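**Student:** Here it is: the structure, laid out below.
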């Protein structure tokens, strides 16, 4: 540092305005037109076609180069571990989606295999995901509510729900929305809209997943307590559901509650043990699988269902089901939900994928990811899966157990296939409360995200606001509408941040060419007679007027007052001139002298007195436009009116630090004319200040001269 | 210019980083906290209270100082001229609002008087306005459609509309929505939300009024053709209405059409004459009043209604009606429309008011205007007026006939009162087609706004897009929803403009300290070994990722590739080290020499070869952040990961040109730590470049040294 300080900063050059810089540096005018750009990107060639093909089916490029020696063992262990996790999670998340558990197994099989073929991330574990499942649950319960499937039971003399046809309808709805969301993803991928995910900023995603987790929890409470609350849909449904559950708590099924509590405590303890011994164990204990197996055994032995009325999973058909085209009549009703699912699923998958890509030094292609997820979902939809994304917890396991490529995912899918074909039916006695417990325990990581609030409070309050507002909107308006509202809000914050900028007057850091805000520094020197003004934000329609107001306030120049005073003065002057003319005429006629002359002098004195330069009024204003990103017509008009208004009272206005794009905006916006040329634009504030200092005395002389000649005309 | 060029620009100083600047200029830490600011603004005092009172009832401050000698004559002539215009316009716009014509007269009286008391603009003519009226028409016809008032007519044996009760209901609806919009305006004024109008940028307002004019025209076509089309509401209703009118054209009432054509031609001719003689006439001919009077006389004499079935104005009750509290049960149904009316009415009035305030050098207080319009509307609503704003055409007449203060408006209101009380009934025979013709001819000015499109195409394409999109949205989705959508769109353009910035590498303009994009200038010098990178926009969530990608692309450094290569290299190095350790152990044990030494050298050579500095890879990267307005957490993270990633492959990353607020964002966002201090922030790009040049050789030596010592450990 000391060494650096000894290094000198020394510049000798002319004062440069924009025109001179353009001349010196030979500004080039050639711009590639839009059509040329389009042509360039459309051009086709042999190697390009090949790389395009390999790009769209990545498995063709990486599988032939798969190194069995390096990767096979890790992938095998990871694949088995993840496959074992997929079983209980798939069944549990099927409950969230309000479809029978076996469809969760399907969703853990087909999409995973397809992602293996088309995906570019080597480490994420694609499959069922809690947030997506709860979003699908919202759709299925809205379009196939219990009330649509009431039949009259002759035995009990009451209406009961026809569960079989209801569930069949719900599966149809889930498949339709999944298929559509897949189509949306493919479409977005084909038009290279992978960038939409940039709107899902980190605070937004974290606030959103936390809010969705609240929905997940509330939707599972009924299994935990063994109650049967009414289903609400639409905005504020979460609040109504919570109230309903509270009112139903007296009807809690004690057996179910006991099972829930035992399962939750056991799972938490086992997970803690797992974390504690994680370094000593080569592969983590499959806690959830053990839980499911033990719970099924107990339930089967004790016969929990009949003795204590504990709700169990029920019929699990073995084998796969033939593909069915989705019910197209449902498409119109689920289009909004499908779009939300497409965006959320992609957003979660790509952000996790990027984390691991960065860690292991490879690249995830965002548009290819969209297509891969889209194909997984749309083909999955045909096989009656529900929409998938990737799960944080499984991905962590896949990576930590040594998974190195997409092969691990394919192996996990094979394990699920094996379970579905032969073992699935064994789990028919599993209490649903245990699945709910698995969901609760898995939400542990998401719940930790509440700690973002104090962290963001310290680092960036606007981002904290985005987090909190997203969370509240998601909780209140459900995950689909809430996401849209939250994205809208996060965009609004950009407007707010640029709409209320800091306006400051700059002064010179002594003996340098650096200018800093006067109010932030004590040793910054105000330049005599020159006002340097800067707004911290872009100048555009939302703040153009404030810019003008702030300039007036900071400079202490009440432009309207001065202008109206000037107008009055001019009127007076004109009257005097007329009088003088008359008098001159008279004088010529009568040829008298002395008296009129004196009066004329008095008039000039009056005018002079008002025109005396006020020491508080600067001679020049430098507008530092370096923070301006672009100018719209409103911004250009504001600058022009500043130039004109202050120019009228004799203050020179110059601009400094404009970017090339801003200069272009000024040009096309008609800022320049005969009087205003590029010579009032300066490369730096210091150039502008030097110009004003040199021009000052000169222009004062000129003004004085023009004044004198005007009054003596 | 030549003189200025001779002036030198010459700076000698140390290279300054942010820390040193802070030290030199004594950065002050004291910031006024939010609570202090709040306290300051809440503080109350005697003079403040008085100015507050005078501010809220401006008439108290300006009327006592009213100069009769200077203003009275102008105000009198202007008042009479405007009052004469208010009569036909008020009746015509009442048709737009779908209420009986007399309510247009009320709307030209009460609100105008109230604005006289509370308004701050001296020149605008408050009263009925076409766009507002058509918006109210949308509400009244939606909530009180013809179909709700069908009664069975015994005479003709068919259902006819009970016009009296329908119109009574429509008046109630109009009064309710007007009252509510007034309340909204008062509320917005009290919370000092006058700034919302800044969202209504000029291209948006002009596109919007043009779109609304299309609605006005379509809604009046039925009077021109004398047909009775069905009423459509909601989105796309304009298209349905046009189709309906086309299908009904065969049923045109020939008498009505003739009246329309004659009236339109006569009005246009008269207006042209008026414009032609405008300089010779002291007061413009009241074309519209003459038209109304002549049309009424002809209609009465010929008995157009009975002979040719021409629809006439009908019953005009003389006298005023007692105030009625608005029907509160309607409030819920009109809340959205009321808000739209409040915003539009205010937006139009304030933009016109500002134009004249600027012209005559006085100030319009935006919050007081909101309150004045709000009081006009809410009190007007109680007296069964419909919502008002100010009309361009009347305002022009008021100003050109010499109106100088709000007194002109008050006089026009008195004229309307006089007409309402005694003369109104005379106009009962006036054909509605003539009123429609007046509306058409008055839209002439708005239709000229289509010429904005080519003008904006030349000056700013994004603003042209805002104009066109606003116009289309307004036409398709009706004025209320269209306005909201258009505001949303215009905010989105800000995101778009900053989301797709220009990324460029900068080079030095020879022999200066100025850096410009290499692709824009031919004579700009790339600094050897130093990469200077700039984005034209703020760095935030929507473009943070692209910023990193663009940096990689522009610099030609594939960071992931290099990092993974480096990781492999390190693994190799470690393996070698382990081998060497073993060998060293062996060597110690066996005490042999020669052979191992040689191998070690080879190892180093391997490492060296890969580590050789690539000449295409720079030694330092300077990120010019001067266009950055603010940083959110995503932006800070992007910068931090750039610093870390490039730092890992030995490239120094420094930032230049950060504003104070951006430095604060970096600080709170946790960008700085033990390694990253404010010494990697520089005041200007040139400082950063000089630092990198001076640090370069030094750091290379250091690196070499550390490498050697590492391999020999």
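Residue numbers (the UniProt record's numbering), protein chains in the order written: chain A, 1 to 713; chain B, 1 to 713.
All C-beta atoms, glycine included, are put in the ideal place defined by N, C-alpha and C.
Note that this is a predicted model, so its numbers are computed, not measured.
1. Could you check how far apart the C-beta atoms of residue 378 of chain A and residue 68 of chain A are, in whole angstroms? I think they sit under 8 Å.
2. Which of the residues in the stretch 465–494 of chain B, read from start to end, lie with their CB under 9 Å from any CB of chain A?
3. Pull up the DSSP beta-bridge partners for residue 535 of chain B, would you.
4. When you compare only the Cα positions, how much space is there between residue 107 of chain A and residue 385 of chain A?
5. What residue range is occupied by the uninterrupted alpha helix (DSSP H) comprising residue 174 of chain A?
6. Pick helix, strand or coil for residue 230 of chain A, following the three-state DSSP scheme.
7. What are the start and end residues of the beta strand (DSSP E) that includes residue 348 of chain A?
8. Which chain B residues sit within Cβ distance under 8 Å of residue 749 of chain A?
9. Which two residues bound the contiguous beta strand (DSSP E) that contains residue 150 of chain B?
10. Helix, strand or coil for residue 596 of chain A, going by three-state DSSP, please let me know.
11. Within 8 Å (strictly less), CB to CB, does residue 685 of chain A reach chain B?
12. Are the CB atoms of residue 629 of chain B and residue 538 of chain B nearer to each other than 8 Å?
13. Drop a sphere of 10 angstroms on the beta-carbon of residue 153 of chain A, count the other beta-carbons inside from all chains shown, and report buried for 16 or more, exposed for fewer.
14. Assign residue 127 of chain A to one of three DSSP states: helix, strand, or coil.
15. Answer yes or no: does any C-beta atom of chain A fall closer than 8 Å to that of residue 13 of chain B?
16. With DSSP as the reference, label residue 612 of chain B as helix, strand or coil.
17. What's the C-alpha gap between residue 680 of chain B and residue 403 of chain A?
18. By alpha-carbon positions, which one of A/85, A/345 and A/24 ends up nearest to residue 395 of chain A?
19. Classify residue 241 of chain A as buried or exposed, calling it buried when 16 or more other Cβ atoms lie within 10 Å of its own Cβ.
20. Name, in chain order, the residues that DSSP records as bridge partners for residue 158 of chain A.
21. Under 8 Å between C-beta atoms, does residue 9 of chain B make it to chain A?
22. Which runs of the alpha helix (DSSP H) fall wholly inside the stretch 651–695 of chain A and span at least 4 residues, in chain order?
23. Near residue 223 of chain B, what residues of its chain come up, given a Cβ to Cβ distance below 8 Å and the 5 sequence neighbours on each side ignored?
24. Given a limit of 8 Å on CB to CB distance, which residues of the stretch 448–466 of chain B reach chain A?
25. Given that a residue counts as buried once 16 or more other Cβ atoms are within 10 Å of its Cβ, and exposed if not, what is residue 10 of chain A?
26. Find the residues of chain A that neighbour residue 659 of chain B, judging by a C-beta separation of less than 7 Å, and give them in chain order.
27. What three-state label does DSSP hand residue 463 of chain B in the structure shown?
28. Check whether the Cβ atoms of residue 380 of chain B and residue 178 of chain B lie closer than 8 Å to each other.
29. Pick out whichever of B/252, B/421, B/176 and B/694 has its Cα sitting closest to the Cα of residue 228 of chain B.
30. In the DSSP output, what is residue 199 of chain A paired with across the bridge?
31. Quick check on the DSSP output: the alpha helix (DSSP H) that includes residue 640 of chain B runs from which residue to which?
32. Could you say which of A/66, A/292 and A/399 lies nearest to residue 283 of chain A if we only look at CA atoms?
33. Tell whether a beta-carbon distance below 8 Å holds between residue 463 of chain A and residue 632 of chain B.
34. For residue 418 of chain A, count neighbouring C-beta atoms within 10 Å of its own C-beta (all shown protein chains included) and say buried if the count is 16 or more, exposed if not.
35. How long is the line joining the alpha carbons of residue 181 of chain A and residue 276 of chain A, rounded to whole angstroms?
36. Just verifying my parser: in three-state terms, what is the DSSP assignment at residue 520 of chain B?
**Tutor:** The relevant details are as follows:
1. Contact flag wrong, Cβ pair sits at about 32 Å.
2. 466, 488, 490, 491, 492, 493 and 494
3. B/503
4. 5 Å
5. 163–190
6. Coil, per DSSP.
7. Looking at the DSSP string, residue 348 of chain A is not in any beta strand (DSSP E); the run it does join, the alpha helix (DSSP H), is 331–360.
8. Outside the shown range of chain A (1 to 713) lies residue 749 of chain A, about which nothing can therefore be said.
9. Per DSSP, residue 150 of chain B belongs to the beta strand (DSSP E) from 150–153.
10. Confidence in residue 596 of chain A is poor, its pLDDT being 47 and thus under 50, which makes the residue's placement too unreliable to answer from.
11. no
12. Contact annotation: residue 629 of chain B and residue 538 of chain B have beta-carbon atoms nearer than 8 Å.
13. When all chains shown are included, residue 153 of chain A counts as exposed.
14. Strand at residue 127 of chain A.
15. yes
16. In this predicted model, residue 612 of chain B has a pLDDT of only 49, less than 50, meaning its place in the structure is not dependable; the value taken from the coordinates is given anyway. Note: residue 612 of chain B maps to coil in three-state DSSP.
17. 39 Å
18. A/85
19. buried
20. A/153
21. When Cβ-Cβ separations below 8 Å define contact, residue 9 of chain B makes contact with chain A.
22. Segments of the alpha helix (DSSP H) lying fully in the stretch 651–695 of chain A: 660–668.
23. 95, 256, 260, 311, 432, 433, 435 and 436
24. Those would be 456, 458, 459, 460, 462 and 463, in chain order.
25. exposed
26. 536 and 627
27. In the structure shown, residue 463 of chain B sits in a helix (DSSP, three-state: H, G or I).
28. yes
29. B/252
30. Residue pairing by DSSP leaves residue 199 of chain A without any beta bridge partner.
31. For residue 640 of chain B, the enclosing alpha helix (DSSP H) begins and ends at 633–648.
32. A/399
33. yes
34. exposed
35. 40 Å
36. coil
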